Amino acid sequence: MTKTRVAALQMQGRLGDLNYNLDHIRELLDEAVHQKARVVAVPEFFTTPIVENPRLWAASLPTENPALDLLREYATDHNLLVGGSYLEHRGTGKSADVYNCYTLVQPDGTVSRHDKDLPTMIENAYYTGGSDHGLHDTAFGLVGTAVCWETIRTGTVHRLKGKIDFAMTGSHWWSPPFNWPVLRGFMDTMASMNADYMAEAPGQFARMLGVANIHAAHCGPLEGTIPMAPFGLPSPRYQGELMGEAQIIDHTGNRLARRHRQEGPGVITADLELTPGEPSLETPERFWIPELAWRFRFFWQQQNWCGRSLYQKARKQGWLQHQ
């Protein structure tokens, strides 16, 4: 079977700094092109990291925007299939909404989109969920897209299984806080579990679907606040990191390339058959793919609740603005 050179990017972004982040992605794309990749996965939220910070209500982009221009430039100039996600603003005034939009661009400039279905925790403060299937008919085959915690939910497997040739995914997966000494033991245990969940997610997702998975990621420090109650009060300081784990998995579930968070930003590549195989891991009959510990399920519910209240407030006040 013919193999295709693919790449996954691992970035280290700056909060709310669109120009810096796009220049950083450009450098990584140049490296992927230099390594002769034809399919390139860019991370989730490649225009800005996400944490509780009021600046991010003005960090979304209109449907035609510099991030899309960058993807389109590389797709058409270098004959690539390239995709990643950013906050996309649709509508006007107080009726506007923002989505976590995975944008996929083909070599001929064709653009298709997937909106992440359920925002994760504090992400709820900055966008609302979508309802599409994340299926893209491309020159390289049928592509399924999903981002971050979509890839650890069985519902995502059900919407893509048997329908795609390969997957393009990305994450912006953060750690528990490092700076809460009163909960040090609790958080250390949570951090260890969190690292395991992240490291295993791309491969589990690939094996349940029986397809290759090209997974891009973020790394580096992350600082902001964490809401403890609706509407952001109180919000203690958060200091943590983004978990890295750019990975390339083949359709049999073998991990061909990996970049740890400690390795910093960079590009991984591998030669893949972009054709489906057979699932090699059974999909469990529950909401989450891993058996998430109770502390993760608790923070999922609590942070979703807090984040949604902040989004509703921002929407009502007209704070959702695009750059």
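Our numbering puts the first residue of the sequence shown at 54, with every later residue one more than the last.
Backbone N, C-alpha and C define an ideal beta-carbon position, used for all residues, glycine too.
Here the structure is a predicted model, which means the values were calculated and not measured.
Member of the options whose CA lies at the smallest distance from the CA of residue i
i	options	result
S228	D218, G273, E335 and I205	G273
A282	Q356, R368 and D168	Q356
F340	S165, I302 and T209	T209
V405	L373, A61 and A310	Absent from the structure is residue 405, since the part of the chain shown begins at 54 and ends at 376.
Q65	R91, H304 and G319	G319
P160	G194, N177 and T173	G194
K169	G297, S148 and G223	G223
P96	H186, S288, M221 and T328	M221
Y291	P230, S245, D324 and P280	P230
E141	Y179, G330 and P255	Y179
N177	G360, M251, K366 and P255	G360
R308	L325, T100 and Q88	L325
Y152	T129, H131, L123 and S184	S184
T191	L134, P172, W233 and T145	L134
F239	A90, E117, T204 and W347	W347
V59	L68, K89 and D76	K89
T163	L114, G182, D150 and T129	T129
P280	P337, R91 and W358	W358
V200	V92, P255 and L121	P255
G293	I205, M243 and G144	M243
Assigned secondary structure, residue i (DSSP; H/G/I helix, E/B strand, else coil)
i	result
P283	helix
P274	strand
H211	helix
M246	helix
F340	coil
N232	coil
T55	coil
S165	strand
F352	helix
D303	coil
Y180	coil
E253	helix
E298	strand
L363	helix
H186	coil
Rounded distance between the beta-carbons of residue j and residue i, thought under 8 Å
i	j	result
A259	A299	Not quite, the Cβ-Cβ distance comes to about 14 Å (not below 8 Å), so this is no contact.
S333	G306	5 Å
S165	C154	Contact doesn't hold; Cβ gap of about 11 Å is too wide.
T198	L157	6 Å
F98	H225	4 Å
H304	T328	7 Å
P102	L295	7 Å
H268	A94	6 Å
G277	N74	Their Cβ separation, rounded to whole angstroms, is 16 Å, which puts G277 and N74 out of contact at 8 Å.
_If we require 3 or more residues per run, which beta strand (DSSP E) segments fall completely within the region 79–156?_
If one requires a minimum length of 3 residues, the beta strand (DSSP E) runs lying completely within the region 79–156 are 92–94 and 134–143, in chain order.
_With three or more beta-carbon pairs closer than 8 Å as the criterion, would you say the region 79–96 touches the region 313–331?_
Contact holds: three or more Cβ-Cβ distances are below 8 Å.
*asked:* For the structure I just gave you, are there three or more beta carbon pairs, one from the region 260–267 and one from the region 212–220, closer than 8 Å?
replied: Yes, they touch.
*Sufficient close CB pairs (3 or more, under 8 Å) joining the region 343–350 to the region 244–254*: Cβ pair count under 8 Å is three or more, so yes.
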